[in-house]
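Per this note's numbering: the sequence shown = residues 739 to 1042. All C-beta atoms, glycine included, are put in the ideal place defined by N, C-alpha and C. Quick notes on the structure that follows.
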Amino acid sequence: MSVTVRVPAKVNVQLGVGGLRADGFHDLANVFFAVALGDEVTAEAAEGVSLSCTGPDAASVPLDDSNLAARAARLLAAHHGIEPGVHLHIAKSIPVAGGMAGGSADGAAALVACDALWGLDTPLETLLELAAELGSDVPFALVGGVALGRGRGELLERLPVTGTFHWVFAVADGGLSTPAVFRECDRLREEAGTGSSEADVPTPDADPALLAALAAGDPVALAAALTNDLQAAALSLRPALADTLRAGIEAGAAGALVSGSGPTCAFLAKDADAAAEIAKSLEESGTCRAAQATYGPVPGAQVR
Ligand code: C5P
């Protein structure tokens, strides 16, 4: 018997980053948006916990216990007091270390897949708690759609959204480390003299104009409201991303930003035709490894 779960990648349409907390995390106002570009995780009964992976970035996916999918299987089994027995196969389309929460998505998918394979019927509330233990972005991959994440991103509130938005993602060569990008954000704040601690940086809040654009299904208004407080840090570590962002805007994108901690760049298009055009232009621009048109919002991790 096997169970396959489809799970979306995310882009942050707003990523407001507060000061550095004593626990090493930052308080966020994080508006997550789930897109159709996703991974599939298949769970099959086996001895112990093992992993395999296919896809363009498969060589850079760890197949040991550091992988969030393996950690999710062990955490779920431990919660129920059972021995974990599963082989997890990850069919990977989400760029690795790309700022689209691909590892977190696989963790969320593994929770759902193992829950079904082992017949556990774990309540969603419990799965969300286990997901938050695995990482800040894992709960959102369970929920999908569009949601505001507070705290370190794990305290979720679903947001109303109308219709479908069309996106293009430009994948870079090589990833960026999320902790390194947060550290660079703190360093830039210190350098600018504003300070980087919780006392120095006001707690971020969701932008009302952005929430209104989502609720109205207005891509031009959403494009104007896109913000990412980690973008300056990602550009500081990877200056060439400025060329990618410019190429997408020149190709007709209504808005552009670095996705999460990067280096993937996200472009909002007016409609599906514009998205296809922008993806083609970006591929031809030589400023990224690949570009893909997609859409959202889509649901969170679901058995196929
Ligand atoms: O929660 P997760 O393991 O995904 O976080 C990875 C790293 O990203 C953290 O160790 C921390 O350095 C940084 N981070 C942060 N503030 C957040 C989320 C992540 O500083 N809200």
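Three-way DSSP call (helix, strand, coil) for residue i in this model
i, result
"T860", "coil"
"C791", "strand"
"L868", "helix"
"C1026", "coil"
"S915", "coil"
"T932", "coil"
"V769", "strand"
"L801", "coil"
"L948", "helix"
"V1036", "coil"
"A774", "strand"
"V899", "coil"
Alpha helix (DSSP H) segment containing residue i, residue limits
i, result
"S1023", "1010-1023"
"P746", "Run containing P746: none in the alpha helix (DSSP H); it sits in the beta strand (DSSP E), 740-758."
"G845", "840-855"
"E892", "Element bounds for E892: n/a, residue is neither H nor E."
"V876", "876-881"
"G836", "Neither: G836 is in no alpha helix (DSSP H) and is coded neither H nor E."
"G786", "Per DSSP, G786 belongs to no alpha helix (DSSP H) and is neither H nor E."
"G986", "979-988"
"A970", "969-975"
beta-carbon residue i near the ligand C5P non-hydrogen atom, thresh 8 Å
i, result
"P946", "no"
"F763", "yes"
"P917", "yes"
"D875", "yes"
"R890", "yes"
"L926", "no"
Unbroken beta strand (DSSP E) run spanning residue i, endpoints
i, result
"G887", "884-888"
"F1005", "1003-1007"
"A829", "824-829"
"V906", "903-909"
Where residue i falls, given that 16 or more other Cβ within 10 Å makes a residue buried
i, result
"H904", "buried"
"I820", "exposed"
"L960", "buried"
"A797", "exposed"
"V958", "exposed"
"P898", "exposed"
How about the stretch 996-1012 and the stretch 976-986: do they share at least three Cβ pairs that are nearer than 8 Å?
Inter-segment contact for the stretch 996-1012 and the stretch 976-986 is present: three or more beta-carbon pairs are separated by less than 8 Å.
Counting Cβ pairs closer than 8 Å, one from the stretch 786-797 and one from the stretch 828-839, do we hit at least three?
Yes: at least three Cβ pairs fall under 8 Å.
With contact counted as at least three CB pairs below 8 Å, one residue from each stretch, are the stretch 805-815 and the stretch 755-774 in contact?
Segments in contact, no.
So, do the stretch 906-924 and the stretch 857-868 have three or more beta carbon pairs nearer to each other than 8 Å?
By the C-beta criterion, the stretch 906-924 is judged not to be in contact with the stretch 857-868, since fewer than 3 inter-stretch pairs fall below 8 Å.
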